[in-house]
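Residue numbers (the working numbering): 7 to 890.
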């Protein structure tokens with residue numbers, strides 16, 4: 007071992023290649039301290055700047071050949087000078103250290119590439135790549151030395167410019183490394199081809215070369231190593247291993263970055279596969295050669311060791327392919343199997359024929375689905391949370407775990423490449439969990455790019471650059487942007503309605519799936535979250551197609567949804583599209599809080615939810631955040647309160663209505679005042695504030711009378727009848743309900759008549775007149791059933807279940823509660839009420855354990871919804887059951 011410049015502590019110099027420009031050592035030691043986001047001063051740190059003792063270190067054993075190549079010795083000497091300058095630098099410490107790491111990486115790669123070559127073997131292109139590295143290193147070293155001489159004020163003034171230069175230099179090193187590797191690969195390929203030709207023609211090669219090259223011919227190219235781990239894919243791996251052992255052709259299809267290659271390599275290096283196929287395991291990167299039949303056959307011949315130069319078809323390779331069992335992996339096969347590629351049909355026919363060999367297992371990894379049809383296609387499942395965490399913390403491990411990371415991984419749809427890039431970026435920048443979440447919220451897909459230029463963008467753009475995608479025409483990218491904008495994607499049944507002006511739209515969406523840019527999920531065409539973040543529009547207003555899509559949604563929302571009115575059943579489309587509409591409104595309102603169009607659509611959206619899919623909405627924060635003088639605030643609060651009513655949260659409902667009432671009184675909007683009062687009357691009844699509720703119902707009725715609104719008065723009478731029923735004034739309740747029926751008979755409003763008949767049924771139930779109760783419930787059913795009013799059907803069957811329970815007619819009671827459940831599938835609160843009723847029926851039957859189980863289920867539903875009164879009633883029931 008040659009001389010190494012000494013250090014004060016007796017160890018090799020961290021940055022030294024020797025004192026002179028030309029190193030005399032065959033070994034190079036280097037140590038570069040990493041700088042975390044917050045470096046604390048402690049003992050053992052290197053001087054200045056609070057640099058910790060954590061080191062990036064390594065050893066390069068320079069071969070005799072490398073040291074004997076003058077250009078290489080010059081390059082290493084320049085690198086030594088640069089690393090010394092970085093060590094001694096007092097400014098921009100972290101950036102320089104990262105630059106030093108990049109430089110050291112290039113040095114190691116140079117040595118690996120040159121260790122078996124003599125100077126006279128290097129092509130001009132390889133020498134030029136080495137010279138480019140030497141020149142760049144020298145320029146960087148001089149500039150850093152110059153920067154170190156600046157004053158403090160000058161450094162501050164030029165800080166951003168310096169950081170930009172460091173970033174550019176790091177990219178230069180990466181590019182140089184890529185150029186060097188490419189040129190070296192071409193050089194190697196040329197030499198192998200020449201020697202191969204000599205072997206076939208009987209000519210002698212260079213002494214010592216013939217045997218090694220001949221071995222290379224028959225053993226094929228070395229495949230990449232197995233991945234360090236293949237988390238969460240055990241079931242899939244077992245399935246693929248089984249298919250490979252049966253020599254079945256296999257295709258692993260999916261979006262870029264989901265782990266297809268990692269799975270294939272895990273199979274290739276599996277012990278069972280090694281035992282079965284031995285050395286006859288081949289790996290071909292299909293994106294490393296031009297997509298032509300000739301190039302594919304040439305690469306196949308080389309990899310399997312057939313010794314046939316430029317075969318025109320599989321015929322000359324057939325003896326070898328048929329003589330032994332072989333596993334051949336075609337990785338990134340979308341590069342050659344894209345049906346719109348220039349030579350697609352010719353290449354496909356070769357791959358198709360290759361898959362038919364009884365002795366060969368072909369395993370294809372591809373983003374595109376156009377693979378031979380008889381290939382077995384095991385589904386690549388999404389990673390589990392556990393597997394995703396294993397990937398993340400395998401790269402970024404600070405000794406603890408966080409729910410912040412769980413949330414980020416879920417938002418990435420557990421996409422393997424995105425998780426790897428996220429962890430790598432966090433590790434390189436030494437971000438803590440909070441900083442990582444903050445950066446993700448701000449920059450999203452931009453975070454998924456490492457310092458070595460690995461990025462999600464490159465993966466996605468590869469798919470967008472395919473011939474099939476280009477042939478889809480100018481609308482394709484815009485359609486992808488619309489899919490990316492909506493969290494659910496696009497409902498496949500609505501393509502004609504949403505995109506009437508896009509010709510061949512169904513074929514375009516099919517091709518998106520063929521290219522694995524999108525996938526089908528629950529009737530929607532959607533895409534993985536990382537792709538959605540990358541492809542999605544930064545400014546939704548910039549897309550004419552999205553604007554047209556918005557108009558179509560708003561037009562569909564504009565229907566006045568009410569059971570008596572046309573279009574009520576058709577409005578059930580919101581059940582499947584609610585998340586998309588909510589997101590659209592959320593984005594538009596965030597952009598312009600004064601948009602009358604958006605707020606008008608917001609009213610209609612909440613009305614659609616009330617009738618067909620009651621739930622809370624993320625728009626609540628925006629509604630409550632509006633100033634009180636905003637013209638849309640009180641109306642939105644009234645609509646919002648109705649959603650809380652459907653959830654059984656009447657305290658929150660009352661709070662919203664009280665605020666809205668105050669605002670509408672101040673504006674003198676009598677119609678909205680009456681609406682808020684009648685809703686408050688019902689909320690107070692359910693909160694047991696009966697006097698307050700009756701006063702509000704009467705006031706609302708008087709306002710409607712002044713306005714000449716007969717239908718509004720009828721609703722107020724129904725509210726008042728329920729209040730009277732709850733406080734035991736049964737005769738008054740009966741008279742008031744009949745007044746509502748008389749008023750609505752003038753208007754022909756069947757829905758209000760149904761409500762009034764229900765009230766009358768409950769009045770007679772309370773009076774103990776079972777016959778009249780059933781008569782009025784039957785009348786309500788006769789109105790609701792033909793029109794399929796699920797809400798009314800639910801409450802009628804729910805009340806009948808209670809009636810028959812009280813009569814100990816359990817068969818009928820259970821039948822009605824089951825019917826009630828069938829009308830509550832899309833309404834959690836109503837489902838809770840039905841489950842509670844079942845518990846009460848079983849309690850009366852003496853089935854106490856069953857009753858307890860149902861009561862616990864109902865309590866869970868109520869607590870999740872915030873239905874406090876109902877939850878308390880359930881707890882009372884459970885207390886009684888526990889005493890049985």
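From the three backbone atoms N, C-alpha and C, an ideal C-beta is built for every residue, glycine too.
*Who does residue 382 pair with in a DSSP beta bridge?*
Residue 382 pairs with 256.
*Chain-order list of residues whose beta-carbon lies under 7 Å from that of residue 420 (same chain, five-residue window excluded)*: 388, 389 and 394
*Between which two residues does the beta strand (DSSP E) containing residue 336 stretch?*
DSSP places residue 336 in the uninterrupted beta strand (DSSP E) bounded by 332 to 337.
*What does DSSP give as the partner residues of residue 531 in its beta bridges?*
496 and 526
_For residue 372, the first and last residue of its enclosing beta strand (DSSP E)_ = 366 to 372
_Through-space distance from residue 685 to residue 562, alpha-carbon basis_ = 27 Å
*asked:* If you reduce the DSSP assignment to three classes, tell me which class residue 239 lands in.
replied: coil
*asked:* Helix, strand or coil for residue 876? Go by DSSP, reduced to three states.
replied: Helix, per DSSP.
_Euclidean distance between Cα positions of residue 537 and residue 412_ = 19 Å
*Thinking just about the alpha-carbon of each residue, which of 605, 250, 169 and 874 is nearest to the one in residue 331?*
250
*The alpha helix (DSSP H) spanning residue 733 covers which residue range?*
DSSP places residue 733 outside any alpha helix (DSSP H), giving it a letter other than H or E.
*Terminal residues of the continuous alpha helix (DSSP H) containing residue 650?*
639 to 652
*Closest by CA to residue 663, which one among 688, 589, 673 and 337?*
688
*Return the first residue and the last residue of the alpha helix (DSSP H) that residue 290 is part of.*
Counting along the chain, residue 290 falls outside any alpha helix (DSSP H), though it belongs to the beta strand (DSSP E) covering 287 to 291.
*Going by CA-CA distance only, name the one from 471, 828, 106 and 848 that's closest to residue 819.*
848
*asked:* Less than 9 Å between the C-beta atoms of residue 825 and residue 864, yes or no?
replied: no
*Just the Cα atoms here: how many angstroms apart are residue 219 and residue 297?*
At residue 219, the pLDDT of 32 sits below 50, so the modelled position is not reliable; the number obtained from the coordinates is stated separately. Distance between the alpha carbons of residue 219 and residue 297 is about 26 Å.
*Are at least three pairs of beta-carbons, each pair with one atom in the stretch 301 to 313 and one in the stretch 322 to 339, less than 8 Å apart?*
By the C-beta criterion, the stretch 301 to 313 is judged to be in contact with the stretch 322 to 339, since at least 3 inter-stretch pairs fall below 8 Å.
*Measuring alpha carbon to alpha carbon, tell me which of 532, 520 and 479 ends up nearest residue 510.*
Nearest C-alpha to residue 510 among 532, 520 and 479: 479.
*asked:* Just to confirm, is the Cβ distance from residue 616 to residue 645 under 9 Å?
replied: yes
*First and last residue of the uninterrupted alpha helix (DSSP H) at residue 660*: 656 to 673
*asked:* On the CB-based measure, 16 or more other CB atoms within 10 Å of its CB, does residue 831 come out buried or exposed?
replied: By the neighbour-count rule (16 or more Cβ atoms within 10 Å), residue 831 is not buried but exposed.
*Starting from residue 795, trace the alpha helix (DSSP H) both ways and give me its first and last residue.*
Premise fails: residue 795 is in no alpha helix (DSSP H) and is neither H nor E.
*Cα-Cα separation, residue 289 to residue 613*: 58 Å
*Under three-state DSSP, which class holds residue 892?*
Nothing about residue 892 can be reported from this structure: the residues present for the chain run from 7 to 890 only.
_Same chain only: Cβ atoms within 8 Å of residue 247, ignoring 5 sequence neighbours per side_ = 273, 276, 278 and 279
_Rounding to the nearest angstrom, what Cα-Cα distance links residue 576 and residue 591 in this structure?_
21 Å
*DSSP on residue 778, reduced to helix/strand/coil?*
Of the three classes helix, strand and coil, the one that applies to residue 778 here is helix, per DSSP.
*DSSP on residue 537, reduced to helix/strand/coil?*
helix
*asked:* Taking the alpha carbon of residue 867 as the reference point, which residue from 621, 671, 886 and 745 has its own alpha carbon closest?
replied: 621
_Taking only three categories from DSSP, how would you classify residue 605?_
In the structure shown, residue 605 sits in a helix (DSSP, three-state: H, G or I).
*Below 9 Å between beta carbons: does that hold for residue 852 and residue 829?*
no
*Given that a residue counts as buried once 16 or more other Cβ atoms are within 10 Å of its Cβ, and exposed if not, what is residue 580?*
buried
*asked:* For residue 772 and residue 809, which I take to be in contact (beta-carbon distance under 8 Å), what is that distance rounded to the nearest angstrom?
replied: For residue 772 against residue 809, the beta-carbon gap comes to about 10 Å, at or over 8 Å, which does not count as contact.
*Is the beta carbon of residue 397 less than 9 Å from the beta carbon of residue 432?*
At a Cβ-Cβ threshold of 9 Å, residue 397 and residue 432 do not count as neighbours.
*Where does the unbroken alpha helix (DSSP H) through residue 848 begin, and where does it stop?*
834 to 851
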